[in-house]
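Enquirer:
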Amino acid sequence: MKTITDLSQLDLTKRYTYADYLLWQFEERIELIKGLIVKMSPAPRRKHQMISNRISTLFTVFYNDSPCNVYYAPFDVRLIKNKGLANHEIDTVVQPDISIICDIHKLDDFGCIGAPDLIVEILSPGNKKWDEVNKYKLYEENGVKEYWIVDPDSKSVKVFILKADKYELVDYYETEGKMIPVNIFEGLVLSYDDIFRE
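Residue 176 in the numbering used here is what sits at position 173 of the sequence shown, and the numbering runs on without skipping anything.
1) Mind the definition here: the stretch 87-94 touches the stretch 9-22 only if three or more C-beta pairs lie below 8 Å; say whether that holds.
2) Let me confirm a value: LEU141 is counted as buried when at least 16 other C-beta atoms fall within 10 Å, else exposed. Which label applies?
3) For SER102, which three-state DSSP category applies?
4) What number of angstroms, rounded off, separates the C-alpha of THR8 from the C-alpha of PHE29?
5) Is it buried or exposed for ILE58, if we count other Cβ within 10 angstroms and need 16 for buried?
6) Specify the secondary structure class of LEU82 as computed by DSSP and reduced to three states.
7) Flag this pair as yes or no: are the beta carbons of PHE113 and GLN98 separated by less than 9 Å?
8) What first and last residue would you give for the alpha helix (DSSP H) that runs through ASP196?
9) Quick check on DSSP: helix, strand or coil for PHE62?
10) Between LYS169 and GLU135, how many whole angstroms is the CB-CB distance? I'm expecting something under 8 Å.
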């Protein structure tokens with residue numbers, strides 16, 4: 004197959020696989036959701052980047068001497084629920100803002116294959132519904148144990164945990180002075196004020 008250098012060369016109504024995705028060499032950021040191309044928001048705003056950096060740093064310090072690894076976008080996560088492991092069988096590739104992966108066997112030179120333990124998505128004006136509805140369902144059905152949705156505009160954090168294959172809202176944080184624990188990792192607690200300070 005030929006290398007694709009511009010998104011306009013692709014039929015956006017067609018379904019693709021990770022094997023196709025590996026041939027794409029264009030600047031636009033995209034995700035592949037059940038075979039369909041989804042364009043990502045343009046470069047994140049300053050607040051988005053600031054919050055992502057703060058959360059990533061706090062996670063990285065905590066996991067410094069741990070088998071768990073912290074990754075931030077762009078970082079490919081191939082979700083393989085009910086799929087084979089071959090590139091031509093995988094039809095979903097996402098780039099979460101922050102991922103924590105504790106199973107080293109899920110990592111290869113191309114990213115993560117399988118569900119991360121924890122995913123953090125930071126909302127942008129153009130992707131709020133996508134992260135709160137579509138990504139929520141996608142991460143739930145693929146077994147991501149904990150999912151955080153961080154909203155820079157409302158200065159809030161929604162924390163969901165997977166129980167019996169369904170997400171439950173653990174808490175909704177929107178108040179200064181609150182501490183936000185990571186439910187699946189004992190001892191990891193983030194300060195609301197550290198995340199949202201100007």
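C-beta atoms are modelled at their ideal positions from N, C-alpha and C, and glycine is treated no differently.
In this text, all values refer to a predicted model and were calculated from it rather than measured experimentally.
Expert: The structure says:
1) yes
2) buried
3) strand
4) 5 Å
5) buried
6) coil
7) no
8) 195-199
9) helix
10) That pair is no contact at about 16 Å.
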